[in-house]
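Undergrad: Per the working numbering: the sequence shown ends with 137, consecutive numbering throughout.
Positions of the beta carbon are idealized from the N, C-alpha and C atoms, including for glycine.
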Amino acid sequence: MDLGSVQSEPEAAPEWATVPPVLTAPTCHATGCTERPLVQWQRRLTPMELAAEQAIEQARRDQAFADRDIELPPPGFGPMPGPQDYVHAVLACGPHAIDMDAAARVHQATCTGPDSANLPLCDCDPEPLPAPAPQAEQKLPAHWAAAVAGGAG
Ligand SMILES: [Zn+2]
Ligand SMILES: [Zn+2]
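(1) Ligand 2: which residues have Cβ under 5 Å from any of its heavy atoms, chain order?
(2) So the beta strand (DSSP E) residue 38 belongs to, where does it begin and stop?
(3) Spell out whether any CB of chain B is found under 8 Å from the CB atom of residue 36.
(4) Using 8 Å as the threshold, is the C-beta distance between residue 67 and residue 113 below it?
(5) Using 8 Å as the cut-off, can you tell me whether the region 42 to 52 makes contact with the region 89 to 96, which would need three or more C-beta pairs spanning the two stretches below that distance?
(6) Alpha carbon to alpha carbon, what distance is there between residue 29 and residue 36?
(7) On the DSSP bridge assignment, give the partners of residue 75 in chain order.
(8) Across which residues does DSSP place residue 6 in a beta bridge pair?
(9) Taking residue 77 as the reference, give the member of 52, 19, 85 with the closest Cα.
(10) Got a sec: does ligand 1 put a non-hydrogen atom nearer than 7 Å to the Cβ of residue 73?
(11) In or out: residue 118 buried (at least 16 other Cβ within 10 Å) or exposed?
(12) Can at least three beta-carbon pairs, one atom from the region 124 to 132 and one from the region 51 to 62, be found at a separation below 8 Å?
(13) Please name the residue in 120, 101, 96 whose C-alpha comes closest to that of residue 110.
This is how it looks when you write it as structure tokens:
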């Protein structure tokens, strides 16, 4: 037996050797700007970002199904979240901030804000604000209304 001819298999890197990504402080999303963000708004996801989110959701569902208690009914999942279910936070420093009214709305995935030369606006047509929830008019009870109308004394 010739021990000298034994070839060692190339070993996969042990789990502890894979270094997690270093967490860095977020910066302004304007191209080339490294300022600390001061404001943020939301935009929809690009098709690639949406596919990545849905892959994460699918993996979560697969795991939940694999981990299910087989004596119970299988876990029910709703429809896969779509484009309207996700937003991406856009961060900006003061000089790169868009208008406050525009920042209240959800922007298109293709929005280039805050990189646009259109500051303090952007180059997309943001989604309209959701309609305010209808509020039924309420009346004070009589003993409160009398106190308010009669004043103290
Ligand atoms: Zn900036
Ligand atoms: Zn926009």
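TA: Based on what the coordinates show:
(1) Counting every residue whose Cβ lies closer than 5 Å to a heavy atom of ligand 2, we get 91, 95, 97, 106, 108.
(2) It is not in any beta strand (DSSP E) - residue 38 instead sits in the alpha helix (DSSP H) that spans 31 to 50.
(3) Note that chain B does not occur in the displayed structure, where there is just one protein chain.
(4) no
(5) no
(6) 10 Å
(7) 24
(8) Beta-bridge partners assigned by DSSP to residue 6: none are found.
(9) 19
(10) no
(11) exposed
(12) Touching, no, given that fewer than three Cβ pairs across the two stretches are closer than 8 Å.
(13) 96
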